[in-house]
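Right, one structure below, let's go through it.
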Amino acid sequence: MKATLTGLVIAALVGAAAPAHAAGPGPEGLGDPYYPKAGNGGYDVSHYDLRLDYEPSKDWLQATTTIKLKTTQDLSSVNFDFALPVRSARVNGRDVGFAQHHAELTVSTGGDVAKGQELTVEISYSASPSQSNPDLPPSKWKRTPDGAQAIGAPSVAPWWYPSNDHPSDKATYNISVTVPDGIEAISNGQLVGTTPRGDGKTTWNWASTKPQTTYATFLAIGQYQLHQSYLDGVPLVDAYSEALGDRAAAAKASLDERHLMVGFLEKLLGKYPLDATGALVTPYTSTPLETHTRPSFPASSFRNGPNSFVVAHELAHQWLGNSVTMKYWKDIWLNEGFATYVQWFWSAYKGKGTPQQLANWFYKQYPADHEIWKVAVADPTPQYQYGAAVHERGAMALVALGEAVGDETLRRILNTWVSQKAYGNATTEEFVAHAEKISGRKLGDLFQTWVLKPGKPSSPPAGRTLKADEQEPASVKELHRPY
Ligand SMILES: [Zn+2]
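FYI, the numbering for the sequence shown is -22 to -1, 1 to 461, going by mature numbering (1 follows the signal peptide of the UniProt record, and there is no 0).
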C-alpha cells in the first residue's frame, strides 16, 4: 500500500503533550554505517506485543502489533521498518494516518508530540507474507512444507511485524500466535501457555522479559516435538522438527551437553543472563542463529553426527550478542569473535585443542593475501560481516589480548564486560577502553594490529607460548562454520 499523509484524515492530538515548537517527522534510519535506513530515529521502543493468526495452507497472516515507545525528540510522525501492507494504525487508542514507501512505514502521531512522551502504537495488517513485493528485497518469510519460518539476520522483522529494526533498540516481547490445532508455533522466551480457541485453532503465547533485538526474534510454525524441562533452574523448551530424520538423535546428543556447558560458561561469563532457554532444530534453515533464548540450528549442523561446538557457540551468544549486543553492525566481532573464542575455550575443556593452539592454527591457514585479511575486524563491511574476519580473527584478537595481559586478566576483562554491559549495547571503542582499565595496560597498538587495521599481523596470536610446528587441533573438524 502506498499513500501519503497529506489528505488522510488525521485525528487531533492523541493525548500526549505537544512541544513548544513545531515538530518534524522522525528520521527514516539510525545512521548505521552499513544499513543507513535500518531502524528509525526519534524514539526508543520498550515493548512489542505481537498478536498473529497464520493459516499455513493459504500463507495468510492477520496480525496486530502494539509497540510501546518513548519519544527521544519532538515528533510529528514515527517511522517503522515494515514491508507488509497495513490496514490501520492507532496511536494511544485513536485512529491515525499512515503511509508506506518501500519498507518504511510512517505513522502520524496525530499532532506534534514532545520529546520524552510515551506512545502506544497499534498497527493492524494482513498479507501473504512470503509473497515478494517487486519494490522490495525478496521476502524473508519462508513457507515450509509444514508451515512457515521467520528466522534470519541481519533483518527478517519487516516481513512479519513493524519494528525499529536495529540492534541498538532492544525491547521486551509478548508474541501470541494462533495456528490450526495440531501445528506448533515456536518463538522466543518462556512458553506462557497454549490456549485452545474451540474453533479448530490454538493460540501459543510466548514472553521475553529481557531486552531482545529484532534480528534475534523468530517464529517457526510447523510440526515440532517439544521437550520441556529446566537448565540450571531456567525454563527450557526445545523444539525438534519432525522432519529431521536421523539427524534428530545427533541434535539431541549435542544439546544434552548443555548441562555441562552452562556451568562451564557461567564460570567464564557469569550467571546465564536470560529468562528462558532451549533450542529450535529445523531442516528449513541453512545456518545456525543465536535467536534470543532459543538458538536455532539447521539439521545440517549435525550432518556429521553430534556437534557440541555449534551448541557452545550459540549458547555463548546468549551472553555475548543477546545480553551484550553490538551497537552498530560494524561491531559484530563483539558478538562473533567473542562467541568463537568461548567455543575455543570449550574445545580446551573437551581436550581437543586450546584457544592458543586454535588461534595459531587458523592464523597459519590464511596466507597474507587471503581475503580475510583485507578488512578490519571492527569494520568488516556488510559483505564479510558473517565471515572469518569477525569469527576467527575476532577470536585471535582475544587470544593475542590474553598473551599480552595474561589469561587470568583476560577472564576478568570478559567477565566484567558481560556484567557491566548486560542487556545493553556496546562498541569496539568501549571494549578497548574497558580492557585497558581492567588490565591497567595501554593496549592501543595491540588493538590496532588485531582489530582496527586490515592485514595479517607479522607474528601469530599466541607466538610467545607455542612452537611454530603445532599439529592441527582435534576440534578443527567440528568447528563448522558459518555460525
Ligand atoms: Zn555466531
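Glycine is no exception: its CB is placed at the ideal position from the N, C-alpha and C atoms.
Residues near residue i by beta carbon distance below 7 Å, same chain, minus five either side
i      : result
A(-1)  : D90
P136   : D59, F60, A61, A81 and D143
G283   : A228
G380   : L388
P435   : T427 and W428
L(-15) : The predicted position of L(-15) is uncertain, since its pLDDT is 39 and thus under 50; no value can be drawn from it.
G125   : P34, I161, I199 and G200
Cβ-Cβ distance between residue i and residue j below 8 Å
i           : j    : result
W307        : D10  : yes
T263        : Q127 : yes
V48         : Q95  : It should be noted that the sequence gives Lys, not Val, for residue 48. Contact flag set, yes.
residue 466 : G7   : For residue 466 there is no data in the structure shown, the boundaries of the chain being -22 and 461.
I350        : G372 : no
F280        : R236 : no
V99         : V69  : yes
Q343        : F287 : no
I129        : S301 : no
Y341        : M374 : yes
S66         : G2   : no
F409        : L312 : yes
G178        : D159 : yes
A346        : P358 : no
8 Å contact criterion, which residue i and residue j should meet: CB distance rounded
i    : j    : result
T181 : V215 : About 16 Å; that fails the 8 Å criterion.
L39  : S146 : Between S146 and L39 the Cβ distance is about 27 Å, and since that is not below 8 Å, they are no contact.
W184 : L169 : 6 Å
L97  : T84  : Not really, about 14 Å apart at Cβ, beyond 8 Å.
T191 : K245 : Incorrect: roughly 26 Å between the Cβ atoms, too far for contact.
V289 : Y250 : Contact flag wrong, Cβ pair sits at about 14 Å.
H295 : T150 : At roughly 19 Å, the Cβ-Cβ gap does not stay under 8 Å, so H295 and T150 are not in contact.
V383 : R419 : 6 Å
I161 : P34  : 7 Å
S133 : A254 : Incorrect: roughly 24 Å between the Cβ atoms, too far for contact.
L209 : V259 : Not really, about 16 Å apart at Cβ, beyond 8 Å.
G299 : E268 : 5 Å
L114 : A163 : Incorrect: roughly 25 Å between the Cβ atoms, too far for contact.
Y193 : E220 : Actually they are not in contact, since the Cβ atoms of Y193 and E220 sit about 27 Å apart, beyond 8 Å.
N152 : T195 : With a Cβ gap of about 12 Å, N152 and T195 do not count as contacting.
Endpoints, alpha helix (DSSP H) assigned at residue i
i           : result
residue 463 : Any answer about residue 463 is impossible in this case: the structure gives the chain only from -22 up to 461.
A229        : R225 to D234
L267        : No alpha helix (DSSP H) holds L267; DSSP gives it neither H nor E.
P333        : P333 to Q343
H291        : S286 to W297
Q168        : Note, Q168: premise wrong, no alpha helix (DSSP H); beta strand (DSSP E) at Q168 to P174.
D73         : Note, D73: premise wrong, no alpha helix (DSSP H); beta strand (DSSP E) at R72 to V74.
F323        : W311 to Y327
L424        : G422 to F425
A413        : T406 to S417
6 Å Cβ shell around residue i - same chain, five flanking residues per side excluded
i    : result
D309 : T405 and T406
E414 : L421
S453 : S325, K330 and G331
S117 : S108, S110 and W137
T43  : L28, I101, Y139 and P140
P276 : T263 and S264
L252 : K188, T271 and Q296
P266 : F275, S279, V288, E292 and Y461
Q398 : none
Q51  : G20 and K93
Residue i: first and last residue of the uninterrupted beta strand (DSSP E) it sits in
i           : result
residue 462 : The structure shown has nothing for residue 462, since the chain only spans -22 to 461.
W182        : K179 to Q190
L83         : E82 to V91
H25         : Y21 to E33
V134        : No beta strand (DSSP E) holds V134; DSSP gives it neither H nor E.
I350        : Segment: none, I350 is in no beta strand (DSSP E) and carries neither H nor E.
L114        : Element bounds for L114: n/a, residue is neither H nor E.
W38         : W38 to T49
V157        : A149 to P158
Y103        : E96 to A105
A346        : Careful: A346 lies outside any beta strand (DSSP E) and carries neither H nor E.
E162        : E162 to I164
D10         : Taken as a continuous stretch (DSSP letters only), D10 belongs to no beta strand (DSSP E), as it is neither H nor E.
D59         : L53 to D59
R281        : No beta strand (DSSP E) holds R281; DSSP gives it neither H nor E.
Same chain, Cβ closer than 8 Å to residue i, neighbours up to 5 away in sequence not counted
i    : result
Q335 : A440, L444, E448 and P451
N285 : A228, S232, S279, E456 and H458
T318 : H291, H369, E370, G372, A373 and Y461
P5   : N18, G19, G20 and N57
N393 : L246, L247 and G248
R121 : P34, D37 and S108
P432 : W351, K352, V353 and A354
S207 : L214
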